[in-house]
Ligand code: URA
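Numbering (UniProt numbering), first residue to last: 1 to 210.
1) Classify residue 208 as buried or exposed, calling it buried when 16 or more other Cβ atoms lie within 10 Å of its own Cβ.
2) Could you give the first and the last residue of the continuous beta strand (DSSP E) run that contains residue 199?
3) Hey, residue 119 and residue 148: beta-carbon distance below 8 Å or not?
4) Would you mind working out which of 47, 139, 6 sits nearest residue 68, comparing C-alpha positions?
5) Compute the minimum distance between the beta carbon of residue 142 and the heavy atoms of the ligand URA, and state whether it is under 7 Å.
6) What does DSSP give as the partner residues of residue 127 in its beta bridges?
7) If the criterion is Cβ atoms closer than 8 Å, does the pair residue 196 and residue 188 meet it?
8) I'd like the list of long-range same chain contacts for residue 137, defined as Cβ closer than 8 Å, with 5 residues on each side in sequence excluded.
9) Would you mind giving the Cβ-Cβ distance between residue 185 and residue 20, rounded to the nearest angstrom? I have them listed as a contact below 8 Å.
10) Quick check on this structure: which residue in 36, 61, 180, 174 has the alpha carbon closest to the alpha carbon of residue 159?
11) Do residue 74 and residue 39 have their beta-carbon atoms positioned less than 8 Å apart in this structure?
12) In the DSSP assignment, the alpha helix (DSSP H) including residue 169 goes from what residue to what residue?
13) Would you give the residue range spanned by the alpha helix (DSSP H) that residue 93 belongs to?
14) So is residue 15 buried or exposed if we call it buried at 16+ other beta carbons inside 10 Å?
15) Using the C-alpha atoms, what's the distance from residue 107 back to residue 28?
16) In whole angstroms, give me the CA-to-CA distance for residue 84 and residue 124.
17) Would you mind working out which of 133, 200, 173 sits nearest residue 76, comparing C-alpha positions?
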């Protein structure tokens with residue numbers, strides 16, 4: 001199985017990511033930028049979608065136009081920081097359904113524990129994009145992917161703003177069929193498992209809780 005990591009080198013994504021990383025960027029601008037970056041990433045990640053020809057009438061004559069014809073899409077944010085990426089993607093793909101996965105880390109085992117899952121009923125027929133701004137250790141991302149697979153998901157992509165190799169390896173090991181899309185590959189994690197240089201705690205920065 002090919003293990004795929006795609007880094008979006010689009011200049012707008014890279015420029016906006018640079019502002020997101022700045023500690024002086026406040027929650028309002030941070031949220032707006034995460035939304036804009038997610039929208040740009042949604043554009044890139046949907047380049048492969050199949051089209052079919054449909055006959056329509058314009059006000060002038062009959063003609064053939066293109067319509068999306070492949071699988072329907074679904075977005076699955078990992079709560080809470082993943083929520084910050086949803087509106088940007090939905091602005092381009094308004095018909096996508098949104099499922100939610102909530103995970104916390106057990107303080108003793110340090111393993112992710114699911115506390116919430118609400119997913120589209122037809123999850124098995126959808127092409128799913130699991131979103132979380134940071135792919136750090138990969139524990140939550142891998143557990144979230146397992147949780148949706150358990151409920152029938154078959155076609156999954158993982159989308160983040162910043163990833164490190166440890167998280168990529170974890171997803172590749174547990175879910176080798178899941179391609180990973182990211183805005184940047186950072187060098188590693190610090191002693192508190194924050195991505196470095198990263199941009200700190202994505203949830204706190206999105207929602208001003210710090
Ligand atoms: N989650 C975050 O929000 N930030 C990190 O740096 C790592 C995980």
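The C-beta atom is built at its ideal place from N, Cα and C for all residues, glycine as well.
The structure says:
1) Burial state of residue 208 is exposed, judged by a 10 Å Cβ sphere holding fewer than 16 other Cβ atoms.
2) The continuous stretches of beta strand (DSSP E) do not include residue 199, and DSSP gives it neither H nor E.
3) Taking 8 Å as the Cβ cut-off, residue 119 and residue 148 qualify as a contacting pair.
4) For the set 47, 139, 6, the Cα lying nearest the Cα of residue 68 is the one of 47.
5) Residue 142: no, Cβ never under 7 Å from the ligand URA.
6) Within the DSSP secondary-structure output, residue 127 pairs in a beta bridge with 73, 155.
7) A distance below 8 Å separates the beta carbons of residue 196 and residue 188.
8) So the list reads 166, 167, 170, 189, 193, once near-sequence residues are dropped.
9) That belief does not hold up - the Cβ atoms of residue 185 and residue 20 are roughly 15 Å apart, past 8 Å.
10) Considering only alpha carbons, the answer is 180.
11) No; because the gap between Cβ atoms is not below 8 Å, this pair is not in contact.
12) From DSSP, the alpha helix (DSSP H) with residue 169 extends over 165–174.
13) Careful: residue 93 lies outside any alpha helix (DSSP H) and carries neither H nor E.
14) Label assigned to residue 15: exposed.
15) Looking at the two C-alpha atoms, the distance is approximately 31 Å.
16) Going by the C-alpha atoms only, they are around 25 Å apart.
17) Of the candidates 133, 200, 173, the residue whose Cα lies closest to the Cα of residue 76 is 133.
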